[in-house]
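Colleague: Okay, handing you the structure first.
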Amino acid sequence: MSFLTLFNTSKIKGTNGLYNLGNTCYMNAVIQCIAHTKQFLEYSLQYQLKVYINENNTKCSLIENVTESLIKTIQTLYTRKESIYPQYFFTTFGIYNQQFSDKKQKDAAEFLLLLLDVMDNDLRGTSIIQPPPIIHNEVYYKDYIEYIKNNKSIITQMTTGIVVSNFCCEICGISSTHSEPFSLLQLPIIKNLSFFKKVNFKNYSELKELKYITIYDCLIGYLYSFQTCVNCNHTQIHNKEFVVTPPILIIQILRFEQHSNNTQKDQTTILFPLNDFVIGVTKYQLYATIDHTGSINHGHFTANCKINNLWYHFDDETVKPLNKIDIVSKKSYILFYERI
């Protein structure tokens, strides 16, 4: 059986869970979502990851172990008939980053970013994937090509988008433009109309209050903000625009806010589409989510993944069918979209 055949999701009739090693639910949820990312399976495994280990990386041996252990964990996940213990992966990742070597509670988003970074460094020099990211603004085409040249890996090309930040002071005329790559799009929760009124967003001018919040509202909060001019101290709207959208779009809903010495969780339900989520000219569909219940110090992470158009809920070693109407909830924390 070939590596690609082994990981061909169309041949999978069911799925297995991952045992909790002691507060490792954050890790289990992330692994499940990566394991159900078709692009990772198709574009990574068919090119045989071990061929592309970056020999110039000073942490090569450790990173190779992390990447190999992830692949072996996914392989075992799909070939066994029962839930598995991800001890090998947990141990090797803990060697790479000692912050994750203990069994204390961690944040799934932080872990995901670190894991993507490890894999990205590991896989530098890998072939360009097809289809490539979509470039919305040809003005920045050369900048994107240069960025890819310096950060060439299948992970970068699968998950990295670019926004451009624009500011031009309406008082003194000073202007600035710079690009910001992202692999995890972090969206704030906008809960009242005052923000939209200040940015003069016409679609909200007739509303008295927001009866519900959508992911598009959060996008507006991300793309438009207030900035003070460094030259004359005038405060005005500062906007961003997407110039590159990736094949895999990963979104974090910023539910945790720092208030004085306390971190509070916002449990507002954010409505997001399962299909036809559009950014610019790019259309996405949802294929996985990570949920968080409880508080920042006493919480639990689970995953929801789509397999052959059916949804399943992964709660560590327990896996159950999931109704689509239960996917969107106040627990939704990280969203995984694939381009269609």
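Numbering (our numbering), first residue to last: -9 to 330.
Backbone N, C-alpha and C fix where the C-beta goes; we use that ideal spot for every residue, glycine too.
What are the complete beta strand (DSSP E) segments, minimum 3 residues, inside the stretch 221 to 299?
Modeller: Listed in chain order, they are 225 to 235, 238 to 243, 246 to 249, 252 to 255, 267 to 269, 272 to 284, 289 to 297.
Colleague: Tell me the DSSP secondary structure of N166 in three-state form.
Modeller: According to the sequence displayed, residue 166 carries Ser and not Asn. DSSP places S166 in strand when its eight states are reduced to three.
Colleague: In the DSSP output, which residue or residues are listed as bridge partners for F83?
Modeller: Answer by DSSP bridge pairing: none, since F83 is not bridged.
Colleague: Please work out which residues of its chain come closer than 7 Å, Cβ to Cβ, to F80, disregarding the five sequence neighbours upstream and downstream, and give them in chain order.
Modeller: Cβ within range, chain order: L11, T14, M17.
Colleague: Using 8 Å as the threshold, is the stretch 278 to 294 in touch with the stretch 305 to 325, meaning 3 or more CB pairs across them?
Modeller: The stretch 278 to 294 vs the stretch 305 to 325: in contact.
Colleague: If I follow the unbroken alpha helix (DSSP H) through E100, where does it start and stop?
Modeller: E100 -> alpha helix (DSSP H) spans 98 to 112.
Colleague: If I measure Cβ to Cβ from L203 and keep anything under 8 Å in the same chain, skipping five residues before and after, which residues do I get?
Modeller: Sequence inspection shows Ile at residue 203; the Leu mentioned does not correspond to that position. These residues qualify, in order along the chain: I179, I180, K181, T258, T259, I260, L261.
Colleague: Helix, strand or coil for S195 per DSSP?
Modeller: In this prediction, S195 has a pLDDT of 45, which is less than 50 and means its spatial position is unreliable; what the coordinates show is noted afterwards. Coil at S195, not helix or strand.
Colleague: Which residues does DSSP pair with R329 in a beta bridge?
Modeller: Y274.
Colleague: Report the CB separation of I125 from V271 in whole angstroms; it is logged as a contact under 8 Å.
Modeller: 10 Å between Cβ atoms; not a contact.
Colleague: Report all residues from its chain with a CB closer than 6 Å to the CB of D207; omit the five preceding and five following residues, and keep chain order.
Modeller: Closer than 6 Å at Cβ, skipping near neighbours: I180.
Colleague: Use the C-beta contact count for C219: other C-beta atoms within 10 angstroms, 16 or more gives buried, fewer gives exposed.
Modeller: Buried.
Colleague: Roughly how many whole angstroms lie between the Cα atoms of S91 and L104?
Modeller: Distance between the alpha carbons of S91 and L104 is about 13 Å.
Colleague: What separation, rounded to the nearest whole angstrom, lies between the Cα atoms of N156 and T225?
Modeller: Their backbone Cα atoms lie some 14 Å apart in a straight line.
Colleague: Beta strand (DSSP E) containing P177: first to last residue?
Modeller: One detail in the question is off: residue 177 reads as Leu in this sequence, not Pro. Per DSSP, L177 belongs to the beta strand (DSSP E) from 175 to 177.
Colleague: R114 and S73: beta carbons closer than 8 Å?
Modeller: No, the Cβ-Cβ distance between R114 and S73 is not below 8 Å.
Colleague: Is it true that the CB of L174 sits closer than 8 Å to the CB of L60?
Modeller: For L60 and L174, no; Cβs fall outside 8 Å.
Colleague: Report the option in H303, A19, C159, K230 whose CA atom is closest to the CA atom of N313.
Modeller: Cα-wise, what sits closest to N313 is H303.
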